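Contents: one structure, followed by commentary.
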Amino acid sequence: MRPIDTADFTSLDNKLSSYETNHGVLPGISQQNARLVLLEQLIESVRRVKFLETIQARPISNTRKDPANPGFDPLRAALLYARDGNLDEACWLVFLAIHFGKHHKDGWRLARDVYGALHNSPVWTWDRVVSHRSEFRKWMVENEATLQTDGVSRRFGNHRRYESLKADSPKGTLAVIDSYIEWISPPQTHASKFSNAIASVGQDPKLVFDELYNSLKQVTRFGRLAKFDFLCMLGKLRLAPVEAPSAYLKEATGPLRGARLIFEGSVNSKTPPVDLESKLHELGTSLDLGMQVLEDALCNWQKSPQKFVPFR
């Protein structure tokens, strides 16, 4: 743990103790080592979320939105486009970032080379893809092999490692992008998509999140984690007025195991997810942490509850 995190560690530990005083001992962290590892994972998750706040407060070079530049970063690019008033392009880049993911070695290379059309033709911006869907399909078909066998390492991120570039697959990248476009339904814009959600459920960011989360089932290969991460990212980058209301444990694997472990002492407990959601909400309130942090931390903690392992 970094020295700068010591104060946060102490604060979280005190809040955790206060929670246990009011709600009872948490079986999963009755052993001191498990408690310490959980606290470290919570701090790691807080750091990841705060990073998004940090980059918003700093100047961003225009090279970050140029896929021909090795420093291309879809999230920073999204911020630049949002500042220029191009919300569609900003949200499109966040979608690509979530779909392709950031590989721990290759970085954003896969997203960069698809978005940048392998630097041999105009960039596949939102407007261009929407206006030239047949051309994009043709490009993906023609470049499927190149993207995988030209000697350049382009891999999906860890959370997306089971995705495919196969253009003829009903579950491949092309199908995913097609379904995302249908979800937005041009000429409707991202802004109007969000406005329609607000019109349906009101202005509570948590209700808007839930409305959009449920509608995202229309997007191919966007399961619980992709939907959750996509909307959380839109919220943290201030592209959409959303905040996660829960961890959606009913559809989860790792976070559900983590919740069962901390509250019941066993990943195999049979406590219904809805009951665990209630407990998780109480814990989040006591720790003053949002669902994005808790979901991420519990998922990582349950993988190695006795030894801290930084997951990227």
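Under my numbering, residues -19 to 292 are what the sequence shown spells out, in order.
Note that CB positions come from ideal geometry on N, CA and C, so glycine has one too.
Every value quoted in this text rests on a predicted model; they were computed, and no experiment measured them.
Original post:
For the segment 170 to 208, which segments carrying the alpha helix (DSSP H) assignment without a break, of at least 4 residues, lie completely within its bounds, in sequence order?
Top reply: 170 to 181, 185 to 195
Original post:
Taking one C-beta from the segment 5 to 12 and one from the segment 177 to 194 each time, how about it: are there three or more such pairs within less than 8 Å?
Top reply: no
**OP:** With DSSP as the reference, label G215 as helix, strand or coil.
**Re:** helix
Original post:
Going by beta carbon distance, what residues of the same chain come within less than 6 Å of S249, once the five residues before and after it are set aside?
Top reply: R240
Original post:
Run through DSSP, which three-state label would H99 get?
Top reply: helix
**OP:** Kindly indicate which residue of G51, L60, P167 has the alpha-carbon position closest to the one of A91.
**Re:** G51
Original post:
With respect to the alpha helix (DSSP H) encompassing Y61, which residues constitute its N-terminal and C-terminal limits?
Top reply: 54 to 63
**OP:** Please confirm whether R237 and Q272 have their CB atoms less than 7 Å apart.
**Re:** no
**OP:** Could you tell me the distance, in whole angstroms, from the CA atom of L67 to the CA atom of N123?
**Re:** 28 Å
**OP:** For G270, name the three-state secondary structure that DSSP assigns.
**Re:** coil
Subject >> Reduced DSSP category for P(-17) - H, G, I as helix; E, B as strand; rest coil >> reply: Low confidence applies here, because P(-17) scores a pLDDT of 49, under 50, leaving its location unreliable and the question unanswered by this model.
Original post:
Tell me which same chain residues have a C-beta within less than 8 Å of the C-beta of F75, skipping the five on either side of it?
Top reply: Y160, F210
Subject >> For H83: DSSP bridge partner residues >> reply: G87
Original post:
Roughly how many angstroms separate the alpha carbons of H139 and G203, rounded to a whole number?
Top reply: 11 Å
Original post:
Is it true that the CB of R56 sits closer than 7 Å to the CB of R44?
Top reply: yes
Original post:
How is the alpha helix (DSSP H) around T34 delimited, first residue to last?
Top reply: 12 to 37
**OP:** Using 10 angstroms around the beta-carbon of N280, count the other beta-carbons present and answer buried if the total reaches 16, otherwise exposed.
**Re:** buried
Original post:
Among the residues of its own chain, which have a CB less than 8 Å from the CB of R113, if the five just before and after it don't count?
Top reply: D158, I161
Original post:
Excluding sequence positions up to five away, which residues of its chain have a Cβ less than 7 Å from the Cβ of C306?
Top reply: Nothing in the structure corresponds to residue 306, since the chain is present only between -19 and 292.
Subject >> Residue from H79, A97, M120 with nearest C-alpha to F136 >> reply: H79
Original post:
Using the rule of at least 16 other Cβ atoms within 10 Å of the residue's Cβ for burial, across every protein chain shown, is Y142 buried or exposed?
Top reply: exposed
Subject >> Chain-order list of residues whose beta-carbon lies under 8 Å from that of P221 (same chain, five-residue window excluded) >> reply: F174, I178, Q183, P185, V188, G215
**OP:** Would you mind sorting P235 into buried or exposed? The rule is 16 or more other CB atoms within 10 Å of its CB.
**Re:** buried
**OP:** For V298, collect the residues of the same chain with a Cβ closer than 8 Å to its Cβ; drop the 5 residues on either side in sequence, then sort them by chain order.
**Re:** Coverage of the chain is limited to positions -19 through 292, which leaves residue 298 absent and any answer about it impossible.
Subject >> Check whether T105 and A155 have beta carbons under 7 Å apart >> reply: no
**OP:** Give the secondary structure of Q286 by DSSP, where H, G and I count as helix, E and B as strand, and everything else as coil.
**Re:** coil
**OP:** Can you give me the start and stop residues for the alpha helix (DSSP H) that Y160 sits inside?
**Re:** 153 to 164
Subject >> For S246, the three-state DSSP class (helix, strand or coil) >> reply: coil
Original post:
Considering S226, what are the terminal residues of the alpha helix (DSSP H) in which it resides?
Top reply: Unbroken run through S226: none, as it is neither H nor E.
**OP:** Tell me whether A125 sits in a helix, a strand or coil according to DSSP, three-state version.
**Re:** helix
**OP:** Could you have a look at Y142 and say whether DSSP puts it in helix, strand or coil?
**Re:** coil
Subject >> For D(-15) and L98, the rounded distance between their alpha carbons >> reply: 41 Å
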